[in-house]
Amino acid sequence: MKRIISLIIMVSISLAVIAFNGGDNFGHRSELLPDEVKLQFAGNIGFLAAGIGYETFGGKLNSDLLIGYLPEYIGKAEVLTIAQKNTFNFRNFKYKPIRRLNVIAGFSINVESGKNAFLRLPDYYPGGYYSTNAITFGLFTGLKYNGKYSSNSKIKQIEYFAEVGTLATYVYYAIYNEDYFEEDIYSLALGMNLKF
Amino acid sequence: MKSINTIIFVFVSFFLVSCNNLFDFSPYAADVDDALKNQTKINLNNLSGVQTKSSELFSFVTIADSHYKFKELRKAVEKINTIDDIDFVVHLGDMTDKGLMMEYEMFSKEIYYSSIPVFTCIGNHDYLSNGGSIYKQMFGAYNYTIEHKGIKMVFFDATVWESGKTPDMSWFEKELSSCDLPKIVFSHIPPWDDQYSDTNKNKYKDLIDTENVIISMHGHHHEFSDANPMNTETTFLIPGSIDNRNICKMTINADNTFIYEIIPF
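First to last, the protein sequences are chains C and F.
Going by my numbering, the first sequence opens with residue 15, and the numbers climb by one from there.
Going by my numbering, the second sequence opens with residue 5, and the numbers climb by one from there.
Right under this line is the structure:
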């Protein structure tokens, strides 16, 4: 539980910084209200992940806090992941047929809840025996389709995204092992943002 | 900006169509591909002469503590494939660094290049994350034995901290004392390590000195050592990690003596 509380404090501080830097973009809405609810399938943060997020820097950055779950009957291990995900939105395409598409890229900090990994070494280990294996860093790029905007609706816009992602650990292994690393380190994630 | 968009769009499209692992749910997942399961059993079936009880000589090679060094592992396997008088390979544990499925899959792919059977000990790193579960599916039991050309080989899991269990000394005693064959013990963690309790250290010492054990081989400590810190009659040998770019060839003689050779790769 201490781990989760520490994480929430850490994420809250990062969200406060984001809100401070991009506060003007929140308009008339309360700064504490999230701008979006994100739902994600796969992408190394669980079978399904859901969370809230803020849109800052004039829509250029989405910062989300997600909780992902992988049930045991799918992954042969139950995994609960808390992810702080940052998505950078590039400018829309000018070409009319695809002008609703954004290229996106970003990174996430993923923390496993502690059942399968540890943030802090148990006391019976000598100091420095292992570094934490509960935190992974995700990297991704992809495409986002911006649905039609409606100011009258409670959900003003729905965005759909597809991402190709990996983990920094896998990238390190691939670089270290050069031609000998044959595993496909990339995988897909699909999801949607419900904008309020 | 338009050109950057186009470049990224092309890259994204390329990756979207080229991903083999369409969806990865978690690095901690433990769902092993059917094609990679039960490797110990398969290798046991492939071990030629497994049923013979003659006293002919045989040789084997050990490697240890490869962790994420798949490049070195491949080179070790390539070297092993050039030696034509060895019957099998033993990996003395820590075939992964974080116990992740990705690491286990890479290890399996690298040892697939070996032209002879490969047997494994589970190491402390292999238990991390959900590695213990993956190992069990991919290789089989943590503790097991093989009889080959009149020698009984005992693979013993002595990991305590990462496995959350104590070494099964009853199983170890039973396997050592249940037959008169000469024996070789393979276990990742040497018995003088902190993970052993004093009781188990003494038990281990007594058993290998009384139950006709030719040699006790270990990983975990990355440097070569043939020291005998427990003052036993039996020799201990730690061939060292794959980082040293060596493999260790063991030859068992007809009179149950042995010689070892450190071969660089």
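The beta-carbon is built from N, C-alpha and C at its ideal position, and this holds for glycine as well.
Computed from a predicted structure; not experimentally measured.
In chain order, Y194 make up the part of chain C whose C-beta sits under 8 Å from the C-beta of R78 of chain F.
C183 of chain F counts as exposed, since fewer than 16 other C-beta atoms from the protein chains shown sit within 10 angstroms of its C-beta. The DSSP-derived three-state label of K207 of chain F is helix. The beta carbons of H225 of chain F and L96 of chain F sit about 10 Å from each other, so the pair does not count as a contact at 8 Å.
Membership of F176 of chain F in the alpha helix (DSSP H) is indicated by the continuous run 173-181. For G82 of chain C, the number of other beta carbons within 10 angstroms of its own is at least 16, and it is reported as buried. Within the model, the alpha-carbon separation for Y131 of chain F versus V189 of chain F is close to 20 Å. Taken in chain order, the members of the region 189-201 of chain F whose beta-carbon sits within less than 8 Å of a beta-carbon on chain C are D198. Taking a Cβ-Cβ threshold of 7 Å, none of the residues of chain C is close to D230 of chain F; the smallest such distance is about 25 Å.
T95 of chain C is classed as buried because its beta carbon has at least 16 other beta carbons within 10 Å across all chains shown. Note that the C-beta distance between S201 of chain C and L104 of chain F is not below 8 Å. Collapsing the DSSP output to three states places K75 of chain F in a helix. The region 177-202 of chain C contains no complete beta strand (DSSP E) run of 3 or more residues. A Cβ of chain C is located within less than 8 Å of the beta carbon of S137 of chain F. Contact of F71 of chain C with chain F is not assigned, every C-beta pair being separated by 8 Å or more. Taking 9 Å as the cut-off between beta carbons, none of the residues of the region 158-170 of chain C comes near chain F. Per DSSP, T44 of chain F is one residue of the alpha helix (DSSP H) stretching across 43-50. For K90 of chain C, the chain F residues whose Cβ falls inside 9 Å of its Cβ are A33, A34, D35, V36, N134, S137, I138, Q141, in order along the chain. Its Cα nearest to that of E45 of chain C, the residue C:G67 stands out among C:M206, C:G67, C:A56.
In the three-state DSSP reduction, G154 of chain F falls in the coil class, being neither helix nor strand. In the DSSP assignment, Q98 of chain C falls outside any alpha helix (DSSP H) and within the unbroken beta strand (DSSP E) covering 93-103. For the region 154-177 of chain F, the beta-carbon criterion of a distance under 7 Å to any beta-carbon of chain C is satisfied by W165.
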